[in-house]
Amino acid sequence: MSANFKDFLKQPYPYYFKGKNLWILAAVIFGMSMAFNYFFEPFVVYRPEHKVSYFWISMIHSLNAFLCVLLIIGLNNLRVNEDRWTVGNEIALISGVLLLIGVSQFLVRDLIYNNPDNWSMRYFLEEVRNTFMVGVLFAVILVPMNYLRLMKAHLKTAKSLNSQQQSDFSLEREKLLPIVTQQKSDDFDLNPEEFLFAKSEGNYLEIYFEKGDKAKKVLKRMTLKELESQLQSFPHFFKTHRSFLVNLQKVAQVKGNAQGYQLEIKSHSDSLPVSRGMIDDFERKYKVS
1 MSANFKDFLK QPYPYYFKGK NLWILAAVIF GMSMAFNYFF EPFVVYRPEH KVSYFWISMI
61 HSLNAFLCVL LIIGLNNLRV NEDRWTVGNE IALISGVLLL IGVSQFLVRD LIYNNPDNWS
121 MRYFLEEVRN TFMVGVLFAV ILVPMNYLRL MKAHLKTAKS LNSQQQSDFS LEREKLLPIV
181 TQQKSDDFDL NPEEFLFAKS EGNYLEIYFE KGDKAKKVLK RMTLKELESQ LQSFPHFFKT
241 HRSFLVNLQK VAQVKGNAQG YQLEIKSHSD SLPVSRGMID DFERKYKVS
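In terms of full-length UniProt numbering, the sequence shown has 45 at position 45, counting the first letter as 1, and numbering is strictly consecutive.
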């Protein structure tokens, strides 16, 4: 059971908190928090201790949530690696945001409540507990909705990209291209018509070529960047991920999921990823490849 749970936490998960999505998320949380607090009064409301009207108390609590979301996730955006984001990372981030919101709700108690015990441990734990109760409820609503939205959008776009794909690309016959590696004895000639993709593996590069109906792998001591720089004259050779350089004219099918896209390559059994940061460029490149 514990092993399965650890595997679950390591599963890839879409990171969707950057740019305007962060502001949209913060605004949605503000609106939901305001409406939930003001109209439903989910917790005990003792109005005689209120320094301001309950409307403004709800507004302050909601603004706290808005600012905490922007602060924590905004700071996380400075260091996040979207391609390595997992379910565990998502849970940890949401928990961190909820904890900060709970602490901030405790810190503003003196501004809105006339209570001599505002700074007690009891109210600290109560504010954190209440925040997690509401936050988990919001997460249960928002996370699946967003996951399904991303899944639907990527599936739709993948279907559109596949429908534009020609059954047989008219590849121009190219001459063999000499490729320079880090070891002169490892230099080789690359046939652009046979090139499927290259995958970075530490200090080496796995390069796959189409040989009949099978893929042949060769191992070369060089970086993906070094190979990419020598193939700049081929616009359909595209870096879909930090570890993959793909011949888009060898893509058999594009599959969509919540994370983005997975590419099925001709003569090769495994699917290749398109990183979230490369999705827009991939869609544009693939349409003209």
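We put the beta carbon where it would ideally sit given N, CA and C, even for glycine. As the structure is a computational prediction, the values presented were derived from the model and not from experiment.
Specify the secondary structure class of Ser275 as computed by DSSP and reduced to three states.
-> For the purposes of this step, residue 275 is taken as residue 275 along the sequence shown, with counting starting at 1. Coil.
Per DSSP, Ile57 forms a beta bridge with which residues?
-> Looking up residue 57 in the sequence shown gives position 57. Paired residues: none, contrary to the question.
By Cβ distance, which residues of its chain are closer than 6 Å to Leu161, with the 5 residues on each side in sequence left out?
-> Looking up residue 161 in the sequence shown gives position 161. Answer for Leu161: Val254 and Tyr286, listed in chain order.
When DSSP builds the beta bridges, which residues end up paired with Ser200?
-> Translated into positions along the sequence shown, residue 200 becomes position 200. In DSSP, Ser200 forms a bridge with Leu205.
Going by DSSP, which residues form a beta bridge with Gly260?
-> Against the sequence shown, residue 260 aligns to sequence position 260. Note: Gly260 sits in a beta bridge opposite Asn257.
Gln11 to Thr86, Cα distance in whole Å?
-> By one-based count along the sequence shown, residue 11 stands at place 11. By one-based count along the sequence shown, residue 86 stands at place 86. Cα-Cα distance, rounded: 5 Å.
Considering only residues of the same chain and omitting the five flanking positions on each side of Phe188, which have a CB-CB separation below 6 Å?
-> Here residue 188 corresponds to residue number 188 of the sequence shown, with the count starting at 1. Counting only Cβ-Cβ distances below 6 Å, and skipping sequence neighbours, we find Ile179.
Could you check which residue in Phe39, Leu70 and Thr223 has the C-alpha nearest to that of Lys18?
-> Looking up residue 18 in the sequence shown gives position 18. Ranked by how close their Cα comes to the Cα of Lys18, the residues Phe39, Leu70 and Thr223 have Leu70 in first place.
Give the DSSP-derived three-state secondary structure of Pro48 in the structure shown.
-> Taking the sequence shown and counting its residues from 1, one reaches residue 48 at position 48. Taken through DSSP and simplified to helix, strand or coil, Pro48 comes out as helix.
Asn130 to Phe138 span [Cα, whole Å] = The residue given as residue 130 occupies position 130 in the sequence shown. The residue given as residue 138 occupies position 138 in the sequence shown. Asn130 and Phe138: Cα-Cα distance of roughly 12 Å.
So, helix, strand or coil for Leu282, using DSSP?
-> Your numbering for residue 282 matches position 282 in the sequence shown. The sequence shown places Phe at residue 282, not Leu. It is helical.
Three-state secondary structure (DSSP) of Thr240 | Counted from its first residue, the sequence shown places residue 240 at position 240. Looking at Thr240 - three-state DSSP - the assignment turns out to be strand.
Quick one: give me the first and last residue of the beta strand (DSSP E) that Val218 is part of.
-> As a first step, residue 218 is located in the sequence shown; it is residue number 218 there, counting from the start. Lys214 to Lys220 is the span of the beta strand (DSSP E), which, as asked, contains Val218.
Cα separation between Phe234 and Lys175?
-> Residue 234 sits at position 234 when you count from the first residue of the sequence shown. Residue 175 sits at position 175 when you count from the first residue of the sequence shown. When rounded, the distance between both Cα atoms is 12 Å.
Which residues mark the beginning and the end of the beta strand (DSSP E) in which Phe106 is found?
-> Residue 106 sits at position 106 when you count from the first residue of the sequence shown. Careful: Phe106 lies outside any beta strand (DSSP E), inside the alpha helix (DSSP H) at Val87 to Leu107.
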